[in-house]
Amino acid sequence: MSATATTDERLLRTSPLRRLLGRPELGSVVGALAVFVFFAFAADSFLRAASLSTVLYASSTIGIMAVPVALLMIGGEFDLSAGVLVTSSALISSMFSYQMTANVWVGVGVSLLATLAIGAFNGFMLSRTRLPSFIITLGTFLMLTGMNLGFTKLISGTVSTKTIADMEGFPSARDVFASTLTVGGIDFKITILWWFALVAVASWILLRTRAGNWIFAVGGNKDAARAVGVPVTATKIGLYMGVAFGAWIAGQHLLFSYDVVQSGEGVGNELIYIIAAVIGGCLITGGYGSAVGSAVGAFIFGMTSKGIVFAEWNPDWFKFFLGAMLLLATLLNAWVRKRAEATK
Amino acid sequence: MTTDTATRTALVELTDVGKRYGNVRALEGVSLKVHAGEITCVLGDNGAGKSTLIKIIAGLHQHDGGTLRIEGEETRLSSPREALDRGIATVYQDLAVVPLMPVWRNFFLGSEPRKGVGPFKRMDVDFMRKTAHAELLRMGIDLRDVDQPIGTLSGGERQCVAIARAVYFGAKVLILDEPTAALGVKQSGVVLKYVAAARDEGLGVVFITHNPHHAYLVGDRFVLLRRGTMAGNHARDETTLDELTEQMAGGTDLADLRRELNRP
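One line per chain: the protein sequences are P and R, in this order. Read in our numbering, the first sequence has 154 at position 154, and its numbers run on one by one without any break. Count along the second sequence from 1, then add 1000; that gives the number in our numbering.
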């Protein structure tokens, strides 16, 4: 960037290639290219524009959550409740509007507040109890899973919510969260825009703001950060609320793509978000990673899940592919990072 | 050197300070003064209470006996942030930096300069890079690239970055927690030079160590801790290196040890 500003002739020794090797996203970009080439050969329909749109859509639904989850991982924590929180957010929105016969936007607003509160609860509990985030969010995960099913059955009588399609505000909310845009004759889901916007904002925060510096610091060395005056607790609570914000967007999309929500959905997705972040170069131990990487990780997911369908294989193989990819990505990341640090 | 210190207000003054953790007495009856442009060495063996003492001055723990005065004002520090705001910077032996972060991010961590307004308020990255490079150069550390992770620097260099950071942010008191403990002879020498450089800039330095040789090289005043209590408090002209070494090892213990190890 402005490295030339620091005038030192020895800087010239750091070649652009070395700088590239030092980027956290590198491993995932190589992986994404490999997966792309693989499916381009394996499935004839993979390279069609309509397929690209499908792949991007699948990537975006994961990517919207993978971005805040990546930030949280850089900050040194996990959130196992992220998957079901999406469903909770959709349920709150839907049931509040239906029960109060209010404009759906009221439900959407209430859902935002409630979801953020759950995120804050995770962060607050973590800082207060000093238990590992694995335990805290596993607790939240189980509680939310139970509450999603329990409350839905209690209020609606079945495992899914009542339709809100005929309610006031539904069309405009659908436009915002689940519409389809046509660009050059190809249909794109609006979640792709949400996803790109989140990646841009998260990258800005991470690389250019004070909060970003704090996120790297609390994940890299919490005690050192605290000793120089970084508000560690506030940073971590903020990160959990970021995940909650992502869950709110994903949840509203889930609701407005249809008009009902299945209360059992979302279980298991938390691992997919984490895997996308790891494939994207986030260190599992915190302190290192990028938002763009998580987007590439989500894209790999999208390509794989849809590519298997295009290639007309049994979709059961998806999970196997996923596990293999995770192992490969982690190994590649470790290797690239070691090399990058050795050559500096 | 010590003639005018009696009349000047000390930057930090501890009087009869004590600290308990549950039923463990970590510190009792410790008094010391830190003056500008002077190095106060705190010497003690493992478990003597050195860490507890700095944690009190750095705001990580609160004392429960005696008084702590900062520039004459009796106070109780509630957080490291408050200590920093009052000009007390601490460089810890093991948690001085975040290894994976670039040098320039580490240098400004916790006090990032910003520009812009509202949602576009951002770190002044150009300024941060340039300043980090220039400040380190001024302290004699010539880095090739301020973008390299600070973990790639040597232990001595990392300590020096932390010291340079404290000096740059206008610390009046610099607390150094065993800065030479994990270093070799040459690296220790480098760090000691920066300790002296910080003193020459007019800072009051508290230098915690268990090495009397390092302490005597730079110290103006020596406070000895043993098992949580103060075992000695000497000005430089009142003591010698041999006396310090002897006291550190516990006087008679050392004599016994010498006899015991004396091979025929």
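C-beta: ideal position from N, C-alpha, C; glycine also. All figures in this text were calculated on a predicted structure; none of them were measured in a lab.
Query raised in the report: Can you list, in chain order, the residues of its chain whose CB lies under 7 Å from that of R:T1002, leaving out five sequence neighbours each side?
Result: If you number the second sequence from 1, residue 1002 of chain R lands on position 2. With a pLDDT of 46 at R:T1002, under the threshold of 50, the predicted position of this residue should be treated as unreliable, though the coordinate-derived value follows. Correct list, in chain order: A1235.
Query raised in the report: Can you find a CB in chain P that lies within less than 8 Å of the CB of R:V1012?
Result: The count along the second sequence starts at 1 and reaches residue 1012 of chain R at position 12. Chain P, which has no Cβ nearer than 8 Å to the Cβ of R:V1012, makes this no.
Query raised in the report: Using DSSP with H/G/I as helix, E/B as strand and the rest coil, what is R:N1106?
Result: Here the question's residue 1106 of chain R lines up with position 106 in the second sequence. Correct three-state label for R:N1106: helix.
Query raised in the report: Nearest CA to the CA of P:A250: which residue from P:F46, P:A58, P:V29?
Result: If you number the first sequence from 1, residue 250 of chain P lands on position 250. With distances taken between Cα atoms, P:A250 lies closest to P:A58.
Requested in this report: Consult DSSP for P:T285 and reduce its assignment to one of helix, strand or coil.
Outcome: The residue given as residue 285 of chain P occupies position 285 in the first sequence. Residue state, collapsed to three classes: coil.
Query raised in the report: Going by Cα to Cα distance, which pick from P:G220, P:F196, P:A165 is closest to P:T61?
Result: Position 61 of the first sequence, counted from the first residue, corresponds to residue 61 of chain P. Cα-wise, what sits closest to P:T61 is P:F196.
Query - Residue of P:V278, P:F318, P:D259, P:G281 minimising C-alpha distance to P:R174 - result: Taking the first residue of the first sequence as 1, we reach residue 174 of chain P at position 174. Of the candidates P:V278, P:F318, P:D259, P:G281, the one whose C-alpha sits nearest the C-alpha of P:R174 is P:D259.
Requested in this report: List the DSSP bridge partners of P:Q262.
Outcome: Sequence index remark: in the first sequence, residue 262 of chain P carries index 262 (1-based). P:Q262 is bridged to P:S160.
Query raised in the report: What is the rounded straight-line gap between the Cα of P:F124 and the Cα of R:Y1216?
Result: Walking along the first sequence from the start, residue 124 of chain P turns up at place 124. Walking along the second sequence from the start, residue 1216 of chain R turns up at place 216. So the alpha carbons of these two residues sit roughly 47 Å apart.
Query raised in the report: Looking at the unbroken beta strand (DSSP E) that takes in P:S53, where does it start and where does it end?
Result: Translated into the one-based positions of the first sequence, residue 53 of chain P becomes position 53. Element bounds for P:S53: not the beta strand (DSSP E) but the alpha helix (DSSP H), 49 to 74.
Report task. Could you check what DSSP says for P:S93 in three-state terms: helix, strand or coil? Result -> As a first step, residue 93 of chain P must be located in the first sequence, where it is residue number 93. Three-state result, P:S93: helix.
Query raised in the report: Within 10 angstroms of its Cβ, does R:N1046 collect 16 or more other Cβ (buried), or is it exposed?
Result: Here residue 1046 of chain R refers to the residue found at position 46 when the second sequence is read from its first residue. By the neighbour-count rule (16 or more Cβ atoms within 10 Å), R:N1046 is not buried but exposed.
Query raised in the report: If you draw a straight line from the C-alpha of P:T207 to the C-alpha of P:A117, how long is it?
Result: For the purposes of this step, residue 207 of chain P is taken as residue 207 along the first sequence, with counting starting at 1. For the purposes of this step, residue 117 of chain P is taken as residue 117 along the first sequence, with counting starting at 1. Reading the sequence as shown, one finds Leu at residue 207 of chain P and not Thr. Answer to the nearest angstrom: the Cα atoms are 27 Å apart.
Query raised in the report: How would you list, in chain order, the residues of chain R whose beta-carbon sits under 7 Å from the beta-carbon of P:G220?
Result: By one-based count along the first sequence, residue 220 of chain P stands at place 220. Simply V1098, P1099, L1100, M1101.
Query raised in the report: Who does R:F1222 pair with in a DSSP beta bridge?
Result: Counting from 1 along the second sequence, the entry for residue 1222 of chain R is found at position 222. Per DSSP, R:C1041, R:H1234.
Query raised in the report: So, is the C-beta of P:N333 closer than 8 Å to a C-beta in chain R?
Result: If you number the first sequence from 1, residue 333 of chain P lands on position 333. It does not: the Cβ of P:N333 has no partner Cβ on chain R nearer than 8 Å.
Query raised in the report: Can you name the residues of chain R whose CB is closer than 7 Å to the CB of P:F245?
Result: Numbered from 1 along the first sequence, position 245 holds the residue referred to as residue 245 of chain P. In chain order: nothing, as chain R lies at least about 15 Å away.
Query raised in the report: Short check: CB of P:A50 to CB of P:Y240, under 8 Å?
Result: Your numbering for residue 50 of chain P matches position 50 in the first sequence. Your numbering for residue 240 of chain P matches position 240 in the first sequence. Result no, Cβ atoms of P:A50 and P:Y240 do not sit closer than 8 Å.
Query raised in the report: Measuring CA to CA, which of P:W248, P:K319, P:I308 is closest to P:S88?
Result: The residue you call residue 88 of chain P lines up with position 88 of the first sequence. Considering only alpha carbons, the answer is P:W248.
Query - R:I1141 - DSSP class collapsed to helix/strand/coil - result: Position 141 of the second sequence, counted from the first residue, corresponds to residue 1141 of chain R. It is coil, neither helix nor strand.
Requested in this report: Please list the residues of the segment 224 to 244 of chain P that have a C-beta atom closer than 7 Å to any C-beta atom in chain R, keeping them in chain order.
Outcome: A224, A225, R226, A227, V228, G229, V230
Report task. Would you verify that the beta carbon of P:N213 is, or is not, closer than 8 Å to some beta carbon of chain B? Result -> Absence of chain B from the displayed structure is noted, the protein chains being P and R.
Query raised in the report: Is any beta-carbon of chain P found at less than 8 Å from that of R:A1090?
Result: As a working note, residue 1090 of chain R is residue 90 in the second sequence. Checking the sequence shown, residue 1090 of chain R turns out to be Thr, not Ala. Interface residue, yes.
Report task. Taking only runs that begin and end inside the segment 1125 to 1191 of chain R, name each unbroken alpha helix (DSSP H) of 4 or more residues, in chain order. Result -> 1125 to 1138, 1155 to 1168
Query raised in the report: DSSP three-state call for P:I190: helix, strand or coil?
Result: Numbered from its first residue, the first sequence carries residue 190 of chain P at position 190. Residue state, collapsed to three classes: coil.
Report task. Indicate the three-state DSSP secondary structure (helix, strand or coil) for P:V30 in the structure shown. Result -> Locating residue 30 of chain P in the first sequence gives position 30, where the first residue counts as 1. Helix.
Query raised in the report: DSSP three-state call for R:F1207: helix, strand or coil?
Result: Here the question's residue 1207 of chain R lines up with position 207 in the second sequence. If DSSP states are grouped into helix, strand and coil, R:F1207 belongs with the strands.
Requested in this report: Provide the residue span of the alpha helix (DSSP H) that contains R:K1050, from first to last.
Outcome: Position 50 of the second sequence, counting from 1, holds the residue named residue 1050 of chain R. Counting along the chain, the alpha helix (DSSP H) containing R:K1050 begins and ends at 1050 to 1058.
Query raised in the report: CB R:V1173 to CB R:L1203, shorter than 8 Å?
Result: Position 173 of the second sequence, counted from the first residue, corresponds to residue 1173 of chain R. Position 203 of the second sequence, counted from the first residue, corresponds to residue 1203 of chain R. Closer than 8 Å, so yes.
Query raised in the report: In whole angstroms, what is the alpha-carbon distance linking R:C1160 and P:M95?
Result: Residue mapping note: residue 1160 of chain R aligns to position 160 of the second sequence, counting from 1. Residue mapping note: residue 95 of chain P aligns to position 95 of the first sequence, counting from 1. Going from the Cα of R:C1160 to the Cα of P:M95 covers about 59 Å.
Report task. Determine which residues share a DSSP beta bridge with P:A173 and list them. Result -> As a working mapping, residue 173 of chain P is identified with position 173 in the first sequence. P:A173 pairs with nothing; no bridge assigned.
Requested in this report: From the DSSP output, read off the bridge partner residues of R:G1065.
Outcome: As a first step, residue 1065 of chain R must be located in the second sequence, where it is residue number 65. Looking at the DSSP assignment, R:G1065 forms a beta bridge with R:G1018.
Report task. Whole angstroms is fine: what's the gap from P:I275's alpha carbon to R:G1156's? Result -> Indexing the first sequence from 1 puts residue 275 of chain P at position 275. Indexing the second sequence from 1 puts residue 1156 of chain R at position 156. Those two C-alpha atoms are separated by around 38 Å.
Requested in this report: Return helix, strand or coil for P:V37, following the three-state DSSP convention.
Outcome: For the purposes of this step, residue 37 of chain P is identified with residue 37 of the first sequence, where counting begins at 1. Helix, per DSSP.
Query raised in the report: Can you tell which of P:F301, P:I237, P:G264 has its C-alpha closest to the C-alpha of P:K153?
Result: Start at 1 with the first residue of the first sequence, and residue 153 of chain P comes out as number 153. Checking every option, the nearest Cα to that of P:K153 belongs to P:G264.
Requested in this report: Look at the alpha carbon of R:R1259 and the alpha carbon of P:V230, and state the distance between them as a whole number of angstroms.
Outcome: As a working mapping, residue 1259 of chain R is identified with position 259 in the second sequence. As a working mapping, residue 230 of chain P is identified with position 230 in the first sequence. Taking the straight line from one Cα to the other gives about 52 Å.
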